[in-house]
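For reference, the structure is listed below as structure tokens.
In this note's numbering, the protein residues as written are 619 to 691.
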């Protein structure tokens with residue numbers, strides 16, 4: 619499984635970081651997400667740390683637990 623860290627600037631201020639995979643790249647059901655980082659650096663540091671944890675997990679769990687199998691096709 620390939621996981622990706624996405625960091626986005628939030629219009630209201632701050633940064634959002636989420637981790638998705640190749641099957642579901644939309645931020646609606648990530649493996650991890652936090653949307654209140656004050657700086658880009660803090661979002662990147664936290665996201666990289668969480669990504670490192672997920673890479674060592676045999677079966678990471680999505681935030682909502684919802685997954686559409688049709689997306690895997």
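All C-beta atoms, glycine included, are put in the ideal place defined by N, C-alpha and C.
Residue 679 classed as buried or exposed, judged by whether at least 16 other C-beta atoms fall within 10 angstroms: Here the question's residue 679 lines up with position 61 in the chain shown. Flag for residue 679 reads exposed.
Of the choices 655, 622, 674, whose alpha-carbon is the least far from that of residue 633? What you label residue 633 is simply residue 15 of the chain shown in a count that begins at 1. Among 655, 622, 674, the Cα nearest to that of residue 633 belongs to 655.
Residue 677, enclosing alpha helix (DSSP H) - first and last residue: Within the chain shown, residue 677 is the residue found at index 59, counting from 1. Careful: residue 677 lies outside any alpha helix (DSSP H) and carries neither H nor E.
Which residue from 647, 641, 619, 627 puts its Cα closest to that of residue 657? Looking up residue 657 in the chain shown gives position 39. Checked all of 647, 641, 619, 627; the closest Cα to residue 657 is 627.
Figure out for me which residue from 647, 663, 640, 670 has the closest Cα to the Cα of residue 625. Sequence index remark: in the chain shown, residue 625 carries index 7 (1-based). Nearest option by C-alpha distance: 663.
Where does residue 625 fall in DSSP's three states? Working through the chain shown from its first residue, we reach residue 625 at position 7. Residue 625 falls in the strand class under three-state DSSP.
Those residues which DSSP pairs with residue 663 across a bridge: Here residue 663 refers to the residue found at position 45 when the chain shown is read from its first residue. Bridge partners of residue 663: none, in fact.
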